[in-house]
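Chains as they are written, first to last, in my numbering: chain A, 1 to 391; chain B, 1001 to 1391; chain C, 2001 to 2404; chain D, 3001 to 3404. Structure first, commentary second.
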Amino acid sequence: MNFDLSEEQHALRESLHSYLRNNYQFEQRQATVAGPEPFNRALWQECADLGWLALPFAPEQGGLGGSAIELMLLFEQCGRFLVVEPFLETVLMAGGVLKRLRGNDIDTRLNAIIAGRTQGALAHGEPQHCDERGSVRCTATYQGGAFALSGRKAVIYNAPTADFFIVSATAGAVAPGLARGDLCLFLVDSHQPGLALTPYQTVDGRCAAEVNLNGASVDSRLLLCSGDKAEQLIRSVFDDVALALAAESIGAMDVLVSETARYISHRKQFGQPIAEFQSLQHSLADMYMASELARSLVYAAAIKLRDGAQDASLFLAAAKAKADKSAVFVAHNAIQLHGGIATTDELKIGHYLKRITVSANLYGSRASRVRRFWQARCEPSKQSSSPELAA
Amino acid sequence: MNFDLSEEQHALRESLHSYLRNNYQFEQRQATVAGPEPFNRALWQECADLGWLALPFAPEQGGLGGSAIELMLLFEQCGRFLVVEPFLETVLMAGGVLKRLRGNDIDTRLNAIIAGRTQGALAHGEPQHCDERGSVRCTATYQGGAFALSGRKAVIYNAPTADFFIVSATAGAVAPGLARGDLCLFLVDSHQPGLALTPYQTVDGRCAAEVNLNGASVDSRLLLCSGDKAEQLIRSVFDDVALALAAESIGAMDVLVSETARYISHRKQFGQPIAEFQSLQHSLADMYMASELARSLVYAAAIKLRDGAQDASLFLAAAKAKADKSAVFVAHNAIQLHGGIATTDELKIGHYLKRITVSANLYGSRASRVRRFWQARCEPSKQSSSPELAA
Amino acid sequence: MNLELTPQDMAFRQEVQAFLTSALTPHMRRAGLRTTSIFSEFEASMSFQRALHDQGWAAPDWSLEYGGTDWSQMQKAIFHEECQRANSPATSSIGIQMLGPMIIRYGTTEQKRVLLPRILSTADVWCQGYSEPEAGSDLASLQMKAEKVGDDYVLNGSKIWTSLAHHANKMFCLVRTRKSEKPQAGISFLLVDLDLPGITVSPIVSLDGEVEQCQVFFEDVRVASSQRLGEENQGWEIAKYLLEHERGGYSYYVALDKQLSQIKTMASSACSEGDVPFIEDPVFTAELAELEIDKLALEYTEYRLKTRLEEQGKPGALSSMIKVTGTELGQALDEMAVRLRGQYLAPLQNHCLDPDFTGPCIGPVSGINVMNRYLNNRASTIYGGTAQIQRNIIARMVLAREGV
Amino acid sequence: MNLELTPQDMAFRQEVQAFLTSALTPHMRRAGLRTTSIFSEFEASMSFQRALHDQGWAAPDWSLEYGGTDWSQMQKAIFHEECQRANSPATSSIGIQMLGPMIIRYGTTEQKRVLLPRILSTADVWCQGYSEPEAGSDLASLQMKAEKVGDDYVLNGSKIWTSLAHHANKMFCLVRTRKSEKPQAGISFLLVDLDLPGITVSPIVSLDGEVEQCQVFFEDVRVASSQRLGEENQGWEIAKYLLEHERGGYSYYVALDKQLSQIKTMASSACSEGDVPFIEDPVFTAELAELEIDKLALEYTEYRLKTRLEEQGKPGALSSMIKVTGTELGQALDEMAVRLRGQYLAPLQNHCLDPDFTGPCIGPVSGINVMNRYLNNRASTIYGGTAQIQRNIIARMVLAREGV
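Structural data, given as structure tokens:
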């Protein structure tokens, strides 16, 4: 057992960190957010050129074959720098669906993703969902070689810039090879008639949209997969999402702890640095502990996911639940210790809280993760009796 | 609206407090606990002579007609001084059942209680209970003018000294005026054949017993009441118990907050009173707040109970839940702030924790109280839409 | 001990209800519903304030002779309750709750005559200039200089966290008029016209993207010494009096009730696992019940304080306890509401919070203000004395009680 | 990054299991199961210690040449896990975990030769004399005087919270050998026979009614200066080294796992509302799941620390973090177990906790130790550096990391 990065992993972290330090200072990030484009397309192209968009894809798909560890390293840095570019949406979610399938068409799209030439979005969430396992109410009705898609997808990040969507829907009528109620995943072009967006900015500086499907007629060749396979695929993609968001949070917490330590050391009140006040010291200690404890569990989950361990999903649920709780706690305390200045748009502290809050609620509630953890824990067949050292 | 005590209530509190201050110093209390008798019978007789055992009973029963407010005042002082004498068990529980019934026999017993001449116990709790509303498994089987009682009653406080028991059981076979499954309350003499005790001391310095009923044959005239009336009676008695224990806790918290404030002011480490450490100050502030917030809710519950308000049970559940949580919090912090010395048998601090822990778990879990509160809250018919000022 | 209201109080409640039914416009009610901090949309606040003024209710805490009321503490609480239930916008607390009582206590006859009616009528809109960039919790260390030149003070420095300065025409502020051993001893209290030359009001954008706070810069601003409240160097005493008033004049439970009721509405439609609404999820309701019990405990503590105030006047450290508990409980409810909002906390749609807006918005309308309020209320444990400072005050009181 | 054990580790685990199967008597296992603090019943502990000694495993942390082992950190964790799973009694940590490493580091050849084997064999039972009535968190202010008279030290004063002093024949203690500006600079480290004239051991009854701690009084006790460890006035340095060792040598997650598994057993039979066992009550399981997630986070943090220790040696402030988290989580689990125990926490039945006892007890046997452990573990955030002191240490480290 060890928690050391390999030399290559160290180098990856180093290059991500140094690139973002040079190109993604908070002021630069805020300029992007305030600008007319949803994100910095030039920077996106540089990331493609640096190979980072290729990280999660297999070499035979033109990727670098990075594992869950490399994903974690990527998103930890995204979390540190509050990166708004759609690594999660295009690469991990839309790309994550495609990379788990086979076909020439798919390889072409993956190549375009890797090259930074196309944007995607996974249109799965619906208004009533409390997590990604909620029942899908969008319907796909088969009619003569095509499916008519109808329904509403909620808060689809990156939708306004997406060139294509992966849309989930349930089979509403009998179609070749499908049972009524089967989950189906479709590849839908952004220009598809019957697909309409209500776009908006988000509190964490990105863009998203409500996606309305009004009988959008999609050729049956664009049905990517269905049934159990589709269910499993969605779960796998959202396991990656959970890891990525948890990794973002540990990056964010690191910054919040450091910034707070530095601020309270320099800020003086009552004739002394406020770091001299024991109650502030103890808050800082609690922030640090929350951050480190979450980090450990995220490491464990990443390793389990890489290794395809049977209890990987259990660990991901635990890691995300812990990271969410810790990150909210750390952000709240960072604001409290900074005082008024951290309640302004000008300081980056509050922007971490916004991202952390979105991360904790966008793709499933914390309560549902805890419940999922418990259910997995109670299925002894699916895992070893204890996830500790037991051989 | 006001929260002031009347002159008589002030006087009652004063006399209770001054009597206990003179007769119930911690060393005296510990001598009683260590002694051969379960409690101080001479002191009990004095309390009878002072009229305190008569408090909750109606004047026509020979009592003083004290309301829930007077009960609260009595038990607040019991809580302050960690009184082990069976005010709760004999007066409020056994006496509390009897006072809600009518009959010459009953008046005789009430007189004996008020005079301090008899001890009672309410044998209701059973091993599987999570609160007093749990289903009763003790059975009462009717056979020719008598009931055979069988089953087990768990952790019955004061049982070893009780002269009589109120025993709850469910009607097991058809008997005059009873349906199968009806809850019945019986008056059972402590010498009753078929009744056997396993007595023990308790962690909070009192005595209790497991009560085993092995077909104890009880004359049907000793069936006190049954059915809905019995259910209602049990609930009323345990409402009183909840108030009494919550009042104990606010008395206990008051002492813990004061003692801790005094200790940290005098204890020196690092060349200064440890009260100079801000983290200790903040713990003390939190203890004080917990204590005062609980006190307010206990006051409100006592007034509601006295007034027979429709939402009195709701308030009692809330007050007990809040008092339990607050008292545990306060006791934990009192120990933490005292340090090692409070983990010894010699200091009174830890004895408050023991009593508080028993109080929070003996007659129902905190979780069940919170649930009960919520259920009552969701029944709009039974209460005004909001328990606030609404007229 | 009793919880009953007097027949007078019940009649009073009906009177307030009747007034609100007629006085509140839909615009004001929308402003009340869409409030995301302790302030509501400015114009709606002012309109409501004027309606109250017409009724003679603009300043419940002032004495009758200055245009206030003779309401009991309980009537004030009833008034506050009914306003919240009817979704009134928040009234302008700065002039009425904060400055007014100080003028009444420390002002000259002339100051009272001129200034108090203008506060009531909204002719003057005041902001408070206390904090400075280097003087937050340690307010006494404030540095803004007021040099006496002839009969004027010449002001240099800046004030920060001045709420609503961008709407105000006046500021009351603490300035340094003397260097002294004890910093508290050299502070004076000035009443400043914001249109004087040399004053720059610079808005501060909050986390929700809106402006409620400002920084105000002073460069050689000349203020006539007649604009001083109280004696020179008496400022700290006045501010202390005011701080106590600020803490005493509010009922937290009323706002918490409103949050709870919003949460219940949201929880009836938002789905927990398996398409079951949260309000039927036992894990959720157990948590909500705990918070509701905490709210009740605070509510009755506030009543206890109010009935005590009736007799004794000064709230003392108890008001610190109520502030800490009220704000921290409010934050806990904000967090719960955010969780119920789920994915819909993400869309940025500040325009929907404008009381003039009546179009569609993204996600259920019942929780439209939830995310912004959550962000803004993080400041509630910072302003008006941080939670840390309040706990220091409480601890000092508990220690002092034991004579130590 | 990987979580896998090496084949050697897996073989080692089997070896430990096999050893425990044969070495543990039913008496020892009962002592393990009925443990209510960090100590198990004394005789059972000693027996187990001797069995370990026979196997050569008595002191995993010592180096091989002194009778220790060459186990990796991971093997030590495996050993600790398997001992707990097999319900071994706790071993005597004071001599082995605390004193041994100090003798190895600071002892003379003679001290090592004589003392170390006697620790391993249980011939000597040590207790620790650090704290004094007036020197708790502020250990450096200790006052127990050791005056040099000829070749002896003459000791006067008292030590408190000396665990197991009533069973021990030896005490290592810190004494004041010099008054100095910096109190740390005048402290020496002595090894004292408890049967010396002038020593009185006075047991302290804990909240659970049992004795684990003592106060030890010294009146003109003469100790030969050869019984000093290290140099005169080097005591503080030695103690600091030891404190770090004390914090590093323990795996909290192992004990927490045992608490969790006991809770699950209790929750399968104890009833929540409506005769449903707690383990099927969603409110209960949500809370339990949170604690289990917290335990996992601590567990992997301990692994991270262990694998780092392998390379770097000193645990530093991370061990403070693990101590705070481990003890506070342990207390949370204690509280949960107490709630599950319900009414049955009330009966006082310490006799059932004796490993010799095999009769009936009141209430389910699975939770028989729960109330006593709850009471005793309130001290876990006090001894060995209070939770407050640990947080001070952590904060200092975080601030220092930022170069401030």
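Just so you know, even glycine gets a beta-carbon here, dropped at the ideal spot from N, CA and C. It should be emphasised that the depicted structure is a prediction, and the values quoted were computed from it without experimental measurement.
Sequence-ordered contacts of the stretch 2281-2295 of chain C with chain D read Pro2282, Val2283 and Ala2286 [C-beta pairs closer than 7 Å]. Scanning D:Trp3062, D:Lys3112, D:Ala3165 and D:Arg3222 for the CA closest to the CA of lysine 3148 of chain D turns up D:Arg3222. Under the Cβ criterion of 8 Å, phenylalanine 1003 of chain B is counted among the residues facing chain C. Annotated three-state conformation of isoleucine 3187 of chain D is strand, per DSSP.
Residue pairing by DSSP places lysine 3148 of chain D opposite D:Tyr3153 in a beta bridge. At the C-beta level, leucine 3174 of chain D and glycine 3129 of chain D come within 8 Å of one another. Under the 8 Å criterion on CB atoms, tyrosine 3130 of chain D is classed as non-interfacial with respect to chain B. With the rule of 3 Cβ pairs closer than 8 Å, the stretch 62-77 of chain A does not count as touching the stretch 119-134 of chain A. Under the DSSP assignment, arginine 3176 of chain D falls in the beta strand (DSSP E) whose first and last residues are 3170-3176. Between the alpha carbons of arginine 267 of chain A and isoleucine 274 of chain A lies a distance of about 6 Å. Beta-bridge partners assigned by DSSP to arginine 152 of chain A: A:Asn212. Closest in C-alpha terms to asparagine 3376 of chain D, from the list D:Leu3309, D:Val3211 and D:Lys3240, comes D:Val3211. Close partners of tyrosine 2252 of chain C in chain A (Cβ separation under 8 Å) are lacking, with about 19 Å as the shortest Cβ gap. The beta carbon of serine 1067 of chain B sits closer than 6 Å to the beta carbons of Arg1306 from its chain, once the five residues preceding and following it are set aside; these are given in chain order. By the neighbour-count criterion, in which 16 or more other beta carbons inside 10 Å mark a residue as buried, glutamine 2014 of chain C falls on the exposed side. With distances taken between CA atoms, methionine 3098 of chain D lies nearest to D:Lys3240 out of D:Lys3240, D:Ala3224 and D:Leu3155. Proline 2089 of chain C carries a coil assignment under DSSP once its states are collapsed to helix, strand and coil.
Here tyrosine 2106 of chain C is not bridged, per DSSP, to any residue. Proximity of chain D to histidine 1124 of chain B at the Cβ level (cut-off 9 Å) is not reached, the minimal Cβ distance being about 11 Å. Taking CB atoms only, histidine 332 of chain A has no neighbour in chain B less than 8 Å away. Two segments are said to touch when three or more pairs of C-beta atoms, one from each, lie closer than 8 Å; by this definition the stretch 353-362 of chain A touches the stretch 2334-2341 of chain C. Among the residues facing chain D, asparagine 1040 of chain B is not included, as its CB has no counterpart in that chain under 8 Å away. Residue burial annotation: threonine 2091 of chain C is buried, with at least 16 other C-beta atoms found within 10 angstroms of its C-beta. Taking each of C:Gln2390, C:Met2001, C:Met2102 and C:Gly2032 in turn and checking the Cα distance to glutamine 2234 of chain C, the smallest one comes out for C:Met2102. Using a CB distance cut-off of 8 Å, glutamine 278 of chain A counts as an interface residue toward chain B. Per DSSP, reduced to three states, the secondary structure at asparagine 2 of chain A is strand. Taking CB atoms only, arginine 371 of chain A has a neighbour in chain D less than 8 Å away. Between the alpha carbons of threonine 118 of chain A and phenylalanine 373 of chain A lies a distance of about 36 Å. Under the DSSP assignment, cysteine 1078 of chain B falls in the alpha helix (DSSP H) whose first and last residues are 1068-1081. Not one beta carbon of chain B lies nearer than 8 Å to the beta carbon of histidine 17 of chain A. With fewer than 16 neighbouring CB atoms inside 10 Å of its own CB, glycine 3359 of chain D falls in the exposed class. Under a criterion of Cβ atoms nearer than 9 Å, the residues of chain A adjacent to asparagine 3392 of chain D are, in order, Gln278, Gln281, His282 and Ala285.
Rounded to whole angstroms, the gap between the alpha carbons of valine 3254 of chain D and cysteine 378 of chain A is 20 Å. Contact with chain C is absent for asparagine 158 of chain A, since none of that chain's Cβ atoms lies less than 8 Å from the residue's Cβ. Residue range 1095-1099 is occupied by the alpha helix (DSSP H) that includes glycine 1096 of chain B. Relative to leucine 3260 of chain D, the option among D:Tyr3066, D:Gly3230, D:Ile3293 and D:Cys3214 whose CA is nearest is D:Ile3293.
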